[in-house]
Amino acid sequence: MRIGSKVFDLKLRNAEMNKVRINVSQVDGTGDFKSIKEALDSILLHSTKRVILTIKPGVYREKIVIPRTLPFITFLGDSNDPPTITWNDTKSVTGTTFSTATVGVNASYFVAINMKFENTATHDEGSVGEQVVALQISETNASFYNCSFYDSQDTLYDHHGVHYFSNCFIQGSVDFIFGYARSLYEIGWDDWDHPERELILFSHLICRTVYYGEYKCGGPGANFTRRVPWARLLTDKEAEPFIGTNYIYGDTWLINPVIRNNLDCNPCFGIYAIN
1 MRIGSKVFDL
11 KLRNAEMNKV
21 RINVSQVDGT
31 GDFKSIKEAL
41 DSILLHSTKR
51 VILTIKPGVY
61 REKIVIPRTL
71 PFITFLGDSN
81 DPPTITWNDT
91 KSVTGTTFST
101 ATVGVNASYF
111 VAINMKFENT
121 ATHDEGSVGE
131 QVVALQISET
141 NASFYNCSFY
151 DSQDTLYDHH
161 GVHYFSNCFI
171 QGSVDFIFGY
181 ARSLYEIGWD
191 DWDHPERELI
201 LFSHLICRTV
211 YYGEYKCGGP
221 GANFTRRVPW
231 ARLLTDKEAE
241 PFIGTNYIYG
251 DTWLINPVIR
261 NNLDCNPCFG
271 IYAIN
């Protein structure tokens, strides 16, 4: 399957040619299901179709785990009133940071558009045993557009795989983005009304070696004088391999949501953060 200059893998081609939509609404009775979990439970395991859950505005208080056997799932919210998925697990309750996630994605080719993910557990910042995660993503080829992630600590567990985030807001403290994934963050925001001018933050872990660099950062957090001694500012040449979707092999799997869902939504490009 070719869209423009992109050639996609066979599984993705087949899924995008066979879309199914499921409506979820807990307030007005117009949905096929009232909860996201019920909608997911209705999908056949190992589905080869793109299943789009159109989620109506509202607060969905539920803990969700998407198993590996449910690839090609899309959460599609309202751009004017994004739905919120919320829960409040902590490590002291579940036993592991991994299992605290309000939404855990363990399947490939997951997409979220116009969604809010939050963990509302409260605690003292940095307290032991009180790690909380809003979203955990542990499989590959996942993309997020116009999404926001909220909690007080360890917000986004970017665990494993190749991932893409466009126009996303991430709020938290102490490792609020952490994990071992190869991910590209474009158009990062620290406030919905005040976009960062230029932002790129990335860390690349290989065995016991940590490499941390910054490139053309702006805003109060860009003061380099308080960085660890082994951090460095990158030159244009050093930053080049990390800039753009080639870093995450985007030509093989990344689809603009306009093409994917016929949405009036065009993610912008030009501001980068890589973890």
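All the letters of the sequence shown, read from the start, carry residue numbers 1 to 275 under the UniProt record's numbering.
C-beta: ideal position from N, C-alpha, C; glycine also.
Per-residue burial, residue i [other beta carbons within 10 Å of its own, 16 or more giving buried]
| i | result |
| --- | --- |
| S79 | exposed |
| R50 | buried |
| D151 | buried |
| V20 | exposed |
| V228 | exposed |
| P71 | buried |
| F224 | exposed |
| Y145 | buried |
| V111 | buried |
| Y249 | exposed |
| E139 | buried |
| N246 | exposed |
Identity of the residue in the options nearest residue i by Cα
| i | options | result |
| --- | --- | --- |
| H163 | D154, S173, L135 | L135 |
| G58 | I36, F72, D251, S47 | I36 |
| T84 | A15, Q26, S47, I137 | Q26 |
| A39 | F75, H46, L12 | F75 |
| T252 | E118, G77, Y109 | Y109 |
| L53 | Y249, D89, M115, S138 | M115 |
| K63 | N88, D41, T122 | N88 |
| I73 | Y60, N18, V132 | N18 |
| R232 | Y212, T102, I113 | Y212 |
| C168 | H160, Y185, G161, Y180 | Y185 |
| G77 | T48, I22, S47, I243 | I22 |
| D9 | G31, D28, T48, S92 | T48 |
| A15 | E118, H46, D32 | H46 |
| residue 279 | S92, V93, Y60, V111 | No statement about residue 279 is possible, as the shown extent of the chain runs from 1 to 275 and does not include it. |
| I137 | Y180, L254, I170, Q171 | Y180 |
| residue 276 | V24, R226, Q171 | For residue 276 there is no data in the structure shown, the boundaries of the chain being 1 and 275. |
Contact belief for residue i with residue j at Cβ below 8 Å, rounded distance in angstroms
| i | j | result |
| --- | --- | --- |
| G104 | I43 | In fact, because the Cβ distance is near 16 Å, the residues do not count as touching under 8 Å. |
| A107 | R68 | 5 Å |
| T100 | V132 | 5 Å |
* Do the region 175 to 186 and the region 214 to 225 make contact, defined as three or more Cβ pairs closer than 8 Å? -> Result no; under three Cβ-Cβ pairs closer than 8 Å.
* To do: Determine, using beta-carbon pairs with one atom in the region 225 to 237 and one in the region 148 to 161, whether at least three such pairs fall under 8 Å.
  => Cβ pair count under 8 Å is below three, so no.
* What residue ranges within the UniProt domain "Pectinesterase catalytic" (27 to 184) form continuous alpha helix (DSSP H) runs of no fewer than 4 residues, ordered along the chain? -> Runs of the alpha helix (DSSP H) inside the UniProt domain "Pectinesterase catalytic" (27 to 184): 36 to 41, 91 to 94.
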